[in-house]
Structures are given as C-alpha cells and as structure tokens.
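All residue numbers for the first sequence refer to the numbering used here, where the first residue is 15 and numbers rise by one. The beta-carbon is built from N, C-alpha and C at its ideal position, and this holds for glycine as well.
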Amino acid sequence: MSEELFSQRTTTCGSLTKANDGARVILNGWVHRNRNHGSVHFINLRDRYGITQVVVDDDADEELEAAANSLKLEFCIAVTGVVRKRPAEMVNPEMKTGEIEVKAEKIEILSTCPALPFQIDDGLKTKEDLRLKYRYLDLRSQGMQKRLKLRHDFILSIRNYLSARDFLEIETPTMIKSTPEGARDFLVPSRHYPGKFYALPQSPQLYKQILMVGGMDKYFQIARCYRDEDARGDRQLEFTQLDLEMSFVKRDDVLSLMEGLFGHVFKEVMDYDLPATFRRLTYADAMNTYGSDKPDLRFGVEIKDVADMAAKSSFSTFKEIIGKGGFVKAVCAPHSETVDFSRKYITSLEDAAKVYGAHGLAWMKVGENKSLSGGVSKFFEGMEDEVIERMGAAEGDMILLVAHQDWKRCCTSLSAVRNKLGKDLNLIRKGFEFCWIIDFPLFEYNEEGGFWEAAHHMFSMPQQEYLDTLESDPGRVLGDLYDLVLNGYEVASGSIRIHDVELQKRIFRICNFDDETAEQRFGFLLNAFRYSPPPHGGIAPGIDRMVMIMAEETSIHEVIAFPKNTAAVSPMDDSPSEVDQKQLDELHLIVKYPEKP
RNA sequence: GAGGGUGUAGCGAAGCUGGUUAUCGCGACGGCCUGUCACGCCGUAGAUCGCGGGUUCGAGUCCCGUCACUCUCGCCA
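Structural data, given as structure tokens:
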C-alpha cells in the first residue's frame, strides 16, 4: 500500500449531531461558503448528504491558517478535525447539522476550481443553456441532487413493488427493426450491410408483446425510448418509461395494479396519500367537461354545452354555426379578488383560445340581481335567468363562450381558456390528482392522407361490441385503451392488446397497410401470434414526467441528469457533432446537405 | 414547418419619448475584521450592449436582416 493520497472521510457532511461531540472526524467535500473573519474562518463544507460548518480558530498553526486562506468556492477538500457542540446562541436551526461544528486541525486541498461561470444554488435564474453547458456544476446544486435522489427513490420503489408481485424485469434490444408508423425513428447504420439500418425503439411495444407469447406472464422494464420529434419542456428525444405488460388480464386488472403501485410509491417516496382508486372519465366526457383528454382536476371550471341556449339567442354568429351542425360551449370564470376582468384580460383569454383554433371568444359579465352585461349579453336579453342558472354563475363572474364548427376544436380551445383561468385566478389546489381516461376512439381520420389511422397504436384491442363494424364505421369504434393523467399531464398510456392474427390483420388493413406491407413490417409479430398468444395488456408510465410533477417542476430537464435543450443539442458535449470521413466510409454513408442559398 | 418572447461585465438585472463617462446586485481580485451562517466594511478590475447592415449630427434605444436560446402551435402510434 502506497502513501495515502488523501485523508479519506470517516463520515459525511450531513450526518453529525451533538451526539458526536468530541469525536475526531475526517470530512471530504466542496467549499460551499467561506466566511473569513480575519483570525476565524467559517467554511461550509458540502457533499451530497448535507453541509457541515468547519471552523478554523485563532489558535490555528501556520499551515492550517495558510490552507484556510487559500480556499476558494468549490475547492474540493479534506478536513480533519474534532466535532464540538456550538454554544447555544450559535446554533443554526435551519441546518440539519446546525447544533455542531467541526474544529479543523488539518485542511488538505484535493483539487482546485477557477472562478465559477455561474453561482451554484443561486436558484433557477441562471439561463438553462449555461447550466447545461456546465452541468457538472449544476448537478452540485442541492436542487438537482434532491431531484435525482427523488428519481432514484421513485424507480427503486417501483422495482420493489413490481418484483414483489412476480414481475420480471427483462431488457429488450435498443437496436431494432425500424417500424416508422408513429414518430420518426432514430436510425443506426449497419456497417456489415450497406444501406441497412437498425432503429432505436420508440417503445419496447412489440418485444413486450412477444415476451407475453413467450410465457413471461408479467414483465416490466425501466426502458429508454427514442423519438425523433421536436422537443418541448415536457418532451425529450430520449426519455424513460416504466414499460409493463401482463398476460391473462382485462383492463381493470391493469388499472388497479397501477393504482396500487402509485399509491404505494407516493406513500413511500413522498409520504403522500393517494386515493385507493382513481377517478375514471371516458374520453368523450373528459373532452366535453374539461375540453381535454388530459384534464387538470385540481380545479373546477367545467365546460357546459350551451348550444340550445345559443340557438335561442339573437346572436347570428352562434345561430349560423349551430345551423351548420356546429357547437357552442361555455365556461364560467369565477369572480376574483386579484384579477380584473378587463378588456385586456379578456383579450389574453381569447388569444389562448385562438391558438387552438377558436375564431373568437364571446363573453358576458354577471352583475347584481341576475343581470348580464357587456360582450354578447345583449343577444341574450330575456334569457338572463336561464343563462346564469345553467352556468351556475354568481355576481362578479364572467361567462366565456366558444362556438366552432368542429367539436374537438371547440373543446380544446375552451380548455386552453380553462387552464389559463385556473392559473391566473389561482384556482389550482395543491397536491396530486390522478384520473383515468378510458374508452378512447381506436381510429382517427387522417385528413391529409384521406385514410384512417390508429389513434394510439395498431395493437390495441377494439371493444367487443364494435368488432362487426370495424370496417364499416371506424370512426365510432372505441378501443380498450386507457391513459393515466396527473395534474393535467398525460403520464401513462396503455391498452389491452390484440392477440389474434386475423383481427390484427383487419386493423392493419383499416390503417392502410395491405397484407404484404404488414407482413414485411410486422411479420415477426404476426408469426409469433400464430403460436398461441395469451390475452394480454399493459401500460407505459413516463418516468421523467411523473418525477417532474412530483418535484413540482415544469420542465423534464430538471429531473434528467444530462438533458438536451429544445434545439436537440447538448451544450456540454456539443452533440450532435460531425464525424470523420473514415467513419462515414465504414458505414457506406454519403451526407447530402440540405440546399440553402 | 409557423408564431411570440429574450439576448447589456463571469452570473442576474436596470437603462423612459435616441443625447455626452452605460447603472445596480452577486461573483472575481486586493485590503481590514474573533462567532459568522446569503457575515460585514473599504477599494480595484471587468461590457466592441448577440452578430451584420441601415436611418440619424448622434443608436444599447428606431428600422431591416441574421444567429442563439426559450415558450407555444404543428408534430409527438
């Protein structure tokens, strides 16, 4: 054994209490703060576990004094010293270790640090790009450490819960056959086969289904998924899902497993009590009541269908749209102490609605004695009582209406108004509100292409009663599909799967895949399904998103160690980057740059 | 692919209807300080105002272009 490189820690910076009074300890960590009072120094030493105050007293020898004087923020050091209780008036109740301090006898500088590009832990104000460029410094912040710990705890709790219920964690390949019917695939060129490519999985969907055919019965995986689409605050090119599949189950088995799982996990990780079951809304009800298939149930402001009233009004715009089979829906914005329903504010609500395709936002204010004023109120003269009663409105409230030819646009634009009201009027309750959205349509009409496609994916089971009318009326078919929604975010999506070759082929055909193309793309799945597949179903909760919500963040970046920015670039390592010609040659690739003058 | 926002010392910001030396806080550097814990006090350095062009006697400020970041729509089975 050679001479010791450094004095190795005997404990961490978060663990000492007055019970350790008098103990000789060695701490390793970073200089979090350094207060020099001349002949007394206070050094806050930080590691992942906490912060401990180190004191260099006036009796320090020359060497110790020199070391203390040379310390800069974020130097990595080893401190040897003795734990002592702080005098009563010096106790810091804010600190976990605030009752003690370590009187330094020796300070070793393990590594130094130049002036920092930004101040660690100065909160969220630093531009994110800079934080990402120096992510190793950003990760030292207590916020990042806390969030990544939360993420770890969350995943560990999931693993334990599922393992205890006979689930097997099985890895599926991340270089697979490209089946680009959903998002764009990321491709990996094959060196051995010029012109051939692997794809990174958008999800382990087909493999987990084949695991069911393989008799694995209950499978899960903390799976990385890749989708080559534009990033967002809650969307990355690569993200992590709890991928899960079970054999011999029906929908409610999957739902109650998830309710049990998250009930357990939220209790264990955050000491938060979830209800034993989550509210269930059909897709149609969710859209009609909240305008969204991922409603935030932490506040009310429900949408009401007011087409019948609008038809009786004298407002020609409404009557015209209704005459053409359109829709008129409304929400009631409750009176607010802090937000004035000014023209300017109404315009900002209208702008929110217009983003989702509303042509305008009609409004009227509720005055005293059940009166209506402003906006379109004059067209509802004589109908005041009916309007106010239907909307459940009270004095000081404002009624906001959207009319649109298209049901979905009418709903979603009003949902945007609802969400803005929730935020602006401070209506959103604290906590975690889960709900299931069930009975989704199986197919969606592709306007551009002029064909039907799977609303979720092509492997979901149609509900029994629609089996005879799949081809004749695809738009009406509901699937055995379910989404889990948390605080207005879609956090999981799943379904009971098809396990019948002929039914699967019918779905492919409806989605514009002839038998030959289907065979070419999904032949391996169809082959597997010829060999007695069990009925099965599953779900895939998004880990990043859930942890983000649990951490009360609005960006997924805050719970990912090394995220890419919205331009799909990692400022730290500069990926994506160009490669050597030699690498391209080996892969038989020629780069064709886009033409731009 | 489209629209909105932002870009001023290392970081975070101020800079009004264009006007002479571009402010402030934090950080850095130097000095003082025996109990702080966001220590305090004194001092110093540090900015071609994202970049390019234009209007003007004069541009951080107005106009055009461009780049970067960011939010949103589209997209995301």
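Straight-line gap, residue i to residue j (C-alpha atoms, nearest Å)
i      : j      : result
Ile521 : Leu271 : 28 Å
Val345 : Met586 : 46 Å
Asp199 : Phe457 : 22 Å
Thr483 : Glu516 : 15 Å
His602 : Pro208 : 6 Å
Phe253 : Ile172 : 17 Å
Asn42  : Asp231 : 48 Å
Asp12  : Glu185 : The shown model of the chain, from 15 to 611, leaves out residue 12, and the question about it has no answer.
Ile452 : Leu492 : 9 Å
Phe181 : Arg161 : 27 Å
Ala506 : Ala213 : 23 Å
Pro128 : Leu151 : 12 Å
Gln595 : Tyr607 : 15 Å
Val320 : Leu201 : 50 Å
Arg23  : Glu103 : 29 Å
Gly305 : Tyr359 : 21 Å
Asp312 : Asp599 : Correcting the residue type first, residue 312 is Arg in the shown sequence and not Asp. About 56 Å.
Val593 : Asp135 : 36 Å
Glu273 : Ile557 : 16 Å
Val605 : Gln216 : 25 Å
Leu386 : Glu395 : 8 Å
Ile553 : Ala575 : 25 Å
Gly551 : Asn541 : 19 Å
Glu77  : Ser125 : 17 Å
Gly502 : Lys308 : 5 Å
Thr531 : Gly537 : 9 Å
Glu119 : Gln133 : 29 Å
Leu19  : Thr25  : 18 Å
His471 : Pro455 : 11 Å
Ile316 : Asp322 : A small fix is needed here, since residue 316 is Glu in this sequence, not Ile. Using only the alpha carbons, I get a separation of about 17 Å.
Leu176 : Glu567 : 27 Å
Leu435 : Pro488 : 36 Å
Lys590 : Lys163 : For clarity, residue 590 is Pro in the given sequence; the question names Lys instead. Taking the straight line joining both Cα atoms gives about 28 Å.
Lys578 : Met560 : 18 Å
From the options, residue whose alpha carbon lies closest to that of residue i
i      : options                           : result
Ala74  : Gly95, Lys86 and Cys90            : Gly95
Lys338 : Trp421, Glu458 and Glu316         : Trp421
Ala80  : Asn50, His166, Arg100 and Arg98   : Asn50
Asp438 : Asp135, Thr352, Pro455 and Ala237 : Thr352
Asp257 : Val268, Phe234 and Lys264         : Phe234
Phe280 : Gln250, Met564, Ile512 and Asn83  : Met564
Phe341 : His46, Lys318 and Ser362          : Lys318
Glu479 : Arg490, Ala469 and Arg205         : Arg490
Lys384 : Ile402, Gly374 and Asn34          : Ile402
Thr426 : Lys343, Arg357 and Leu269         : Lys343
Pro194 : Lys392, Gln534 and Glu113         : Gln534
Gly463 : Gly247, Gln419, Phe446 and Asn526 : Asn526
Cys424 : Arg559, Tyr286, Ile121 and Ile335 : Ile335
Cβ-based burial, residue i [other Cβ within 10 Å; buried from 16]
i      : result
Met15  : With a pLDDT of 45 at Met15, under the threshold of 50, the modelled position of this residue cannot be trusted; read the value that follows with caution. Met15 is exposed by the Cβ-count criterion.
Val293 : What sits at residue 293 in the sequence shown is Arg, not Val. Arg293 is exposed by the Cβ-count criterion.
Arg544 : exposed
Ser84  : exposed
Arg432 : buried
Ala417 : buried
Asp310 : buried
His206 : exposed
Tyr459 : exposed
Asp497 : buried
Gln219 : buried
Glu382 : exposed
Pro611 : Any reading at Pro611 must be qualified, since the residue scores a pLDDT of 42, below 50, and its modelled position is unreliable; the value itself is stated next. That one is exposed.
Ser362 : exposed
Pro187 : exposed
Met301 : buried
Gln612 : One cannot answer for residue 612 here, as it falls past the ends of the chain, which runs 15 to 611.
Integer-rounded CB distance, given that residue j should sit under 8 Å from residue i
i      : j      : result
Trp377 : Met412 : 6 Å
His513 : Pro547 : 4 Å
Val116 : Glu88  : Val116 to Glu88, Cβ: 19 Å. No contact.
Val97  : Gly36  : 7 Å
Leu144 : Pro131 : 6 Å
Ala178 : Glu243 : Going by Cβ atoms, the distance from Ala178 to Glu243 rounds to 36 Å, so no, they are not a contact pair.
Check your understanding: If we count Cβ pairs, one from each stretch, closer than 8 Å, do we get three or more for the stretch 579-597 versus the stretch 285-300?
Key -> no
Practice item. Report yes or no: do the stretch 59-70 and the stretch 23-40 share at least 3 C-beta pairs separated by less than 8 Å? Key: yes
Review point. Hey, is the stretch 222-229 in contact with the stretch 496-510, meaning 3+ C-beta pairs nearer than 8 Å?
Key: no
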